[in-house]
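Residue 638 is where the sequence shown ends in full-length UniProt numbering, and the numbering goes up by one at each step.
Glycine is no exception: its CB is placed at the ideal position from the N, C-alpha and C atoms.
Here is the structure we will look at.
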Amino acid sequence: MRNGFRAHGIRIRRLRLHADGRPYDVDFRLGDVPRPLSVIAGAFGTGKTTILEFVDYCLGAADHPRHPEIMPRVRAATLEVELSGTPHLIQRPVGEPSAHAYVSQGRLDDPGTATPQRRQLRPAGDPASLSSLLLSHCKLEGVRLRDGHEGAATDTDPLSFRDLMWLCFLPHDRLDSRDLLFENVPMKQLKLRQVVDVVFDVHDDRAIELGRRIRTLEPQLAAAEERQRTEASIVAELAPGEVADLEETAHAAKTELADAAQAVAALDGRARADTTFAEDLRERHHAASGAAHHASGLLRDRETQAARMTSLRATYADDVAKLVMLTEAGALFPPLRLDVCPSCLNPAVPGERRCATCQADLDADGLGPPDVSGELRAARSRLAELTRYLDRLEAEIPRLRAAAERAQEAESRAAADLDAATAHAVTPYLAQRDTLARRREEAAATLQRAEDGLRLRHGLRERATGVESLRAQLAGLREEAGAPDRVAAAESRAAVIAEISGRYRDILREWRYPRADDARVADDLTPWARGKAYPAASSGGRTLIALAWQLALFETAWESRSSHPGFLLLDSPQKNLGPKEVDRLYRHLERWLAGAGAGAQVIVTDTAPPATADSDVVVRFSRRVDRPPYALIDDETD
Numbered sequence: 001m002r003n004g005f006r007a008h009g010i011r012i013r014r015l016r017l018h019a020d021g022r023p024y025d026v027d028f029r030l031g032d033v034p035r036p037l038s039v040i041a042g043a044f045g046t047g048k049t050t051i052l053e054f055v056d057y058c059l060g061a062a063d064h065p066r067h068p069e070i071m072p073r074v075r076a077a078t079l080e081v082e083l084s085g086t087p088h089l090i091q092r093p094v095g096e097p098s099a100h101a102y103v104s105q106g107r108l109d110d111p112g113t114a115t116p117q118r119r120q121l122r123p124a125g126d127p128a129s130l131s132s133l134l135l136s137h138c139k140l141e142g143v144r145l146r147d148g149h150e151g152a153a154t155d156t157d158p159l160s161f162r163d164l165m166w167l168c169f170l171p172h173d174r175l176d177s178r179d180l181l182f183e184n185v186p187m188k189q190l191k192l193r194q195v196v197d198v199v200f201d202v203h204d205d206r207a208i209e210l211g212r213r214i215r216t217l218e219p220q221l222a223a224a225e226e227r228q229r230t231e232a233s234i235v236a237e238l239a240p241g242e243v244a245d246l247e248e249t250a251h252a253a254k255t256e257l258a259d260a261a262q263a264v265a266a267l268d269g270r271a272r273a274d275t276t277f278a279e280d281l282r283e284r285h286h287a288a289s290g291a292a293h294h295a296s297g298l299l300r301d302r303e304t305q306a307a308r309m310t311s312l313r314a315t316y317a318d319d320v321a322k323l324v325m326l327t328e329a330g331a332l333f334p335p336l337r338l339d340v341c342p343s344c345l346n347p348a349v350p351g352e353r354r355c356a357t358c359q360a361d362l363d364a365d366g367l368g369p370p371d372v373s374g375e376l377r378a379a380r381s382r383l384a385e386l387t388r389y390l391d392r393l394e395a396e397i398p399r400l401r402a403a404a405e406r407a408q409e410a411e412s413r414a415a416a417d418l419d420a421a422t423a424h425a426v427t428p429y430l431a432q433r434d435t436l437a438r439r440r441e442e443a444a445a446t447l448q449r450a451e452d453g454l455r456l457r458h459g460l461r462e463r464a465t466g467v468e469s470l471r472a473q474l475a476g477l478r479e480e481a482g483a484p485d486r487v488a489a490a491e492s493r494a495a496v497i498a499e500i501s502g503r504y505r506d507i508l509r510e511w512r513y514p515r516a517d518d519a520r521v522a523d524d525l526t527p528w529a530r531g532k533a534y535p536a537a538s539s540g541g542r543t544l545i546a547l548a549w550q551l552a553l554f555e556t557a558w559e560s561r562s563s564h565p566g567f568l569l570l571d572s573p574q575k576n577l578g579p580k581e582v583d584r585l586y587r588h589l590e591r592w593l594a595g596a597g598a599g600a601q602v603i604v605t606d607t608a609p610p611a612t613a614d615s616d617v618v619v620r621f622s623r624r625v626d627r628p629p630y631a632l633i634d635d636e637t638d
């Protein structure tokens, strides 16, 4: 087995949760390289597990954490990773689970000019999927897994990066579980065994698999080369310039924009300083403008009232005329007399107020004209008041109109005096400002052209990098498929299981697990200890067994330069353990990462890591307002 650093694989660099107004960051770097061991410390409920779950989400998980402090604030998550040594950004929206991710080369603080590529999550086997991209950096793109039991002639499914995450992420709910190998879901358990076989390159049908992967990559490479040629011809036709020249042009344009902005600010300052002598004129013009506005408003108010009162006076005059006519009608016509009973139509007896037949009321007094004298007096009084008020308004309006005209003339004179006084001081600045404005427009246009050219060049470079990556993968597969001693040189599955079993036993011995000498990993990957399969152990024992089993797989895969991505996420490994066991775990991680595991990456969440791990703590959440950071969402302290 060979160890040491390798270029392929995935490393976690930074996580950023984007919220309105600010980001929430977690940095897993030491300088500008990923830390070997990163510890996220803090009290319960501060977001430690949330960080790992968002890392998993950016790597293609179906959903993200939905805690109350997350959903109203966070709108997107971006993971900065190294893919085969090159920094990339993977971003997914937060809210409704998205079916796509956006991937581009760059860093969080320097995203570059490359246009992010839209990568779908499903189907995982699609060459344009996020899974295919990630698997290509683990040398596993195009691998397929059997649907049925081993050795059965059944259909196959493409390997998904989500399957590979079983070897990269040990969540806290699997630590002391009796379902570590997904025994409750037989198909998932079978797939886990196949994933391990694929990672260690000891799966059955290996020659068939190599041929299938070669046949899959060949058309992909041809299509990628055709796209590269097409894009290269387009770029050549547009002739945007070389990258170095474009970067120099963009830098010069940014400098010119900054210089122009400073020059405009300085020019405005000088203009204000040179026109302070006209302050009195400005104040006079301001006062005259206010007086003119007030006079115009007062005139407009009186004219509006006069128009309304004239209409109202006409209405009252019409009412008075109608009431006078009604009064005169009562004087001209006699009251009505009833000769016949309106009820029974029998002749009425003269002088009688009731009908002799039906006793109906024959009083005709109510049939005459009504008495409207009171209403007539009130209407005449209101009409007289309106007439007097309207006369006052009509007498006041000419005076207000003259005052408004005088105020407007005074405002015009003040404006003319201010213009005349400041024209000689302001005019030179206007010409200089126009010149600076043209400089800014030209610099902005130059910067836009340079950035467009850089995007074209970077896109072409990324296309070429992708083609070279496909060529290298295809060449490696062809070499492996054509090697005459490949089968003899490859380690058998039994040898791999034996090595994993030995590492598992060594780890338990190091942690002083009782009767660790007979610990082993069975052919079906089930860990045994003290003569029994792991479900028979206590909760603390199952935690140690799960950690030792996961680390044995990870460490053996790394040291054998297998297709493991090269990182491991451990969520709350202190679960059910005492301080001594936790301390031994950290000492083991630090010793292995400094030796045979150099270049690998482990990220751990822990409520209270031992003091020996203080230098590996990347963030420590206090859950106390007086001791920041409070939590991952550090301004949510309720």
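Drop a sphere of 10 angstroms on the beta-carbon of D524, count the other beta-carbons inside from all chains shown, and report buried for 16 or more, exposed for fewer. For the purposes of this step, residue 524 is identified with residue 524 of the sequence shown, where counting begins at 1. Exposed.
Nearest-angstrom Cβ-Cβ length linking T78 and L632, presumed shorter than 8 Å: Residue numbering aside, residue 78 sits at position 78 when the sequence shown is read from its first letter. Residue numbering aside, residue 632 sits at position 632 when the sequence shown is read from its first letter. About 15 Å; that fails the 8 Å criterion.
Is the segment 46-64 touching the segment 154-168, taking contact as three or more C-beta pairs under 8 Å? yes
Opening and closing residue of the beta strand (DSSP E) in which W166 lies: Reading the sequence shown from its first residue, position 166 is the one you call residue 166. Unbroken run through W166: none, as it is neither H nor E.
Output the distance between the C-alpha atoms of P93 and V74, rounded to the nearest integer angstrom. The count along the sequence shown starts at 1 and reaches residue 93 at position 93. The count along the sequence shown starts at 1 and reaches residue 74 at position 74. P93 and V74: Cα-Cα distance of roughly 9 Å.
Cα separation between A124 and R478? Here residue 124 refers to the residue found at position 124 of the sequence shown. Here residue 478 refers to the residue found at position 478 of the sequence shown. Whole-angstrom Cα-Cα distance: 24 Å.
Tell whether a beta-carbon distance below 7 Å holds between R119 and V103. Indexing the sequence shown from 1 puts residue 119 at position 119. Indexing the sequence shown from 1 puts residue 103 at position 103. Yes, the Cβ-Cβ distance between R119 and V103 is below 7 Å.
CA-to-CA distance, R542 to residue 641, given in whole angstroms: Examination of residue 641 is not possible in this model, given that the chain is present from 1 through 638 alone.
For A101, the first and last residue of its enclosing alpha helix (DSSP H): Here residue 101 corresponds to residue number 101 of the sequence shown, with the count starting at 1. Premise fails: A101 lies in the beta strand (DSSP E), 100-105, not in any alpha helix (DSSP H).
Give me, in chain order, the residues of the same chain whose beta-carbon lies closer than 7 Å to that of A128; leave out the 5 immediate sequence neighbours on both sides. Within the sequence shown, residue 128 is the residue found at index 128, counting from 1. Correct list, in chain order: R119, Q120.
Could you name the residues of the same chain whose beta carbon sits closer than 7 Å to that of A613, not counting the 5 residues immediately before and after it, in chain order? The residue you call residue 613 lines up with position 613 of the sequence shown. So the qualifying residues of the chain are V39, Y586.
Determine the burial state of L238: buried for a count of at least 16 other Cβ atoms within 10 Å of its Cβ, exposed for fewer. Residue mapping note: residue 238 aligns to position 238 of the sequence shown, counting from 1. With fewer than 16 Cβ atoms within 10 Å of its Cβ, L238 is classed as exposed.
The segment 548-562 / the segment 581-601 touching (three or more Cβ pairs under 8 Å): yes
Hey, how far is the Cα of V467 from the Cα of E231? Walking along the sequence shown from the start, residue 467 turns up at place 467. Walking along the sequence shown from the start, residue 231 turns up at place 231. Rounded to whole angstroms, V467 to E231 spans 13 Å at the Cα level.
Using a Cβ distance threshold of 8 Å, determine whether the segment 254-265 contacts the segment 467-476, with at least three qualifying pairs required. no
Between P23, C341, L593, W549, which has its C-alpha nearest D175's C-alpha? Start at 1 with the first residue of the sequence shown, and residue 175 comes out as number 175. It is Leu, not Asp, that sits at residue 175 in the sequence shown. That would be W549, whose Cα lies nearest to the Cα of L175.
Is A414 near R282, with beta carbons less than 7 Å apart? Position 414 of the sequence shown, counted from the first residue, corresponds to residue 414. Position 282 of the sequence shown, counted from the first residue, corresponds to residue 282. Not a contact, by the Cβ cut-off of 7 Å.
Please report the straight-line C-alpha distance between R505 and I234, rounded to a whole angstrom. Walking along the sequence shown from the start, residue 505 turns up at place 505. Walking along the sequence shown from the start, residue 234 turns up at place 234. When rounded, the distance between both Cα atoms is 60 Å.
Please give the ranges of any beta strand (DSSP E) in the segment 514-566, keeping only runs that are unbroken, at least 3 residues long and fully inside the region. 527-529
Roughly how many angstroms separate the alpha carbons of S177 and D20, rounded to a whole number? Taking the sequence shown and counting its residues from 1, the one referred to as residue 177 is at position 177. Taking the sequence shown and counting its residues from 1, the one referred to as residue 20 is at position 20. Taking the straight line joining both Cα atoms gives about 39 Å.
Alpha carbon to alpha carbon, how far is L383 from E303? Give it in angstroms, no decimals. The count along the sequence shown starts at 1 and reaches residue 303 at position 303. The count along the sequence shown starts at 1 and reaches residue 383 at position 383. So the two alpha carbons sit approximately 20 Å from each other.
Kindly indicate which residue of F54, C341, P579, S560 has the alpha-carbon position closest to the one of R503. Reading the sequence shown from its first residue, position 503 is the one you call residue 503. Checking every option, the nearest Cα to that of R503 belongs to S560.
Need the endpoints of the alpha helix (DSSP H) that T50 sits in, please. Position 50 of the sequence shown holds residue 50. Note, T50: alpha helix (DSSP H), 48-58.
Do K37 and V619 have their C-beta atoms closer together than 7 Å? Working through the sequence shown from its first residue, we reach residue 37 at position 37. Working through the sequence shown from its first residue, we reach residue 619 at position 619. First, the residue type needs correcting, since residue 37 is Leu and not Lys in the sequence shown. No, Cβ-Cβ distance for L37 and V619 is not below 7 Å.
Starting from Q574, follow the alpha helix (DSSP H) in both directions and report where the run begins and ends. The residue you call residue 574 lines up with position 574 of the sequence shown. From DSSP, Q574 is part of no alpha helix (DSSP H); its letter is neither H nor E.
Looking at the secondary structure, which residues open and close the alpha helix (DSSP H) in which A495 lies? Taking the sequence shown and counting its residues from 1, the one referred to as residue 495 is at position 495. First-last of the alpha helix (DSSP H) with A495: 493-510.
What residues in its chain sit with their C-beta under 7 Å from that of T387, if we drop five residues either side in the sequence? In the sequence shown, the residue the question calls residue 387 occupies position 387. Closer than 7 Å at the Cβ level, and outside the excluded window around T387, lie R313.
Collapsed DSSP secondary structure at T216 in the structure displayed: Start at 1 with the first residue of the sequence shown, and residue 216 comes out as number 216. Helix, per DSSP.
On a CA-only basis, which of A253, V320, L130, E80 is nearest E375? Give me that one, please. Residue 375 sits at position 375 when you count from the first residue of the sequence shown. Measuring from the Cα of E375, the nearest candidate turns out to be V320.
Alpha carbon to alpha carbon, what distance is there between G351 and V340? For the purposes of this step, residue 340 is identified with residue 340 of the sequence shown, where counting begins at 1. For the purposes of this step, residue 351 is identified with residue 351 of the sequence shown, where counting begins at 1. In a straight line, the C-alpha of V340 is about 13 Å away from that of G351.
Endpoints, alpha helix (DSSP H) assigned at S38: Translated into positions along the sequence shown, residue 38 becomes position 38. No alpha helix (DSSP H) contains S38, which is instead part of the beta strand (DSSP E) from 37-42.
Leaving aside the five residues before and after P111 along the sequence, list all residues of the same chain whose C-beta is less than 8 Å from its C-beta, in chain order. Stepping through the sequence shown from its first residue, residue 111 is reached at position 111. Same-chain partners within the cutoff: L89, S104.
Could you round the C-beta distance between R493 and D197 to whole angstroms and report it? I think they count as a contact, below 8 Å. What you label residue 493 is simply residue 493 of the sequence shown in a count that begins at 1. What you label residue 197 is simply residue 197 of the sequence shown in a count that begins at 1. At roughly 6 Å, the Cβ-Cβ gap stays under 8 Å, so R493 and D197 are in contact.
Alpha carbons only, please: which of P34, H564, L52 is nearest the one belonging to L17? Locating residue 17 in the sequence shown gives position 17, counting from the first residue. The residue with the shortest Cα to Cα distance from L17 is L52.
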